[in-house]
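Undergrad: I have a structure here, written as structure tokens, and I will follow up with some questions on it.
Residue numbers (UniProt numbering): 1 to 161.
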């Protein structure tokens, strides 16, 4: 006996509307066409000064000193009242308060080094078009970073590139 019979449909039709297969097919088609995904639509990048809330990423570039934080991307999280900057997405997070203005953003963390001397870590960022230009500094390092909103590639991964 064959696995599939060609004399009748694979899925039974329903008399009271569209079947699940038709709805699922339409949904998958809409996803692949980019209709249901904001990542599929070509929208201009939001102005960082008007809408800074969200996650921003970028890689620090050393200007002077020894900067091990340049080895991996860093993340800036901006909320309605607080900000947090994580250099090289590591264990230390610099925190700051956000006021009603559009910038600059300031975050800091005070640690002690091995000799128990203060070791300040400071981030300053300013909106610049669709990016945030930032400067990161410690007693041993000064670096700059251009932070952008991460691009969503959910459909690329869903569809298998």
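Backbone N, C-alpha and C define an ideal beta-carbon position, used for all residues, glycine too.
Any chance you could list the beta strand (DSSP E) runs of at least 3 consecutive residues sitting entirely within the segment 60 to 147, in chain order?
TA: Those beta strand (DSSP E) runs which fall completely within the segment 60 to 147 and span 3+ residues are 61 to 65, 73 to 78, 82 to 86, 94 to 97, 105 to 112, 118 to 128, 131 to 138 and 141 to 147.
Undergrad: Are at least three pairs of beta-carbons, each pair with one atom in the segment 106 to 123 and one in the segment 88 to 97, less than 8 Å apart?
TA: At 8 Å Cβ cutoff, the stretches touch.
Undergrad: Once the 5 residues before and after residue 66 are set aside, which same chain residues still bring their CB inside 7 Å of it?
TA: Locating residue 66 in the chain shown gives position 66, where the first residue counts as 1. Around residue 66: 140 and 141.
Undergrad: Work out the CA separation of residue 116 and residue 152 for me, nearest whole Å.
TA: Translated into the one-based positions of the chain shown, residue 152 becomes position 152. Translated into the one-based positions of the chain shown, residue 116 becomes position 116. In a straight line, the C-alpha of residue 152 is about 43 Å away from that of residue 116.
Undergrad: Near residue 76, which residues of its chain fall below 6 Å by C-beta distance, leaving aside the five closest residues on each side in sequence?
TA: In the chain shown, residue 76 corresponds to position 76, counting from 1. 56, 85 and 147.
Undergrad: In chain order, what residues of the same chain lie with their CB nearer than 6 Å to the CB of residue 120, ignoring the 5 residues before and after it?
TA: For the purposes of this step, residue 120 is taken as residue 120 along the chain shown, with counting starting at 1. Same-chain partners within the cutoff: 110.
Undergrad: Near residue 168, which residues of its chain fall below 8 Å by C-beta distance, leaving aside the five closest residues on each side in sequence?
TA: Only positions 1 to 161 of the chain appear in the structure, and residue 168 is not among them; the question remains open.
Undergrad: Looking only at its chain, what residues have a beta carbon closer than 6 Å to the beta carbon of residue 83, apart from the 5 residues adjacent to it on each side?
TA: As a working mapping, residue 83 is identified with position 83 in the chain shown. Around residue 83: 96, 98, 105 and 107.
Undergrad: Note down, in chain order, each residue of its chain lying with its Cβ closer than 8 Å to the Cβ of residue 80, except the 5 sequence neighbours on either side.
TA: Taking the first residue of the chain shown as 1, we reach residue 80 at position 80. Answer for residue 80: 53 and 98, listed in chain order.
Undergrad: For residue 69, count neighbouring C-beta atoms within 10 Å of its own C-beta (all shown protein chains included) and say buried if the count is 16 or more, exposed if not.
TA: If you number the chain shown from 1, residue 69 lands on position 69. Buried: at least 16 other Cβ atoms inside 10 Å.
Undergrad: Let me check understanding here. Comparing Cα to Cα, which of 87, 64 and 112 lies closest to residue 124?
TA: Residue 124 sits at position 124 when you count from the first residue of the chain shown. For the residues 87, 64 and 112, the minimum Cα distance to residue 124 belongs to 87.
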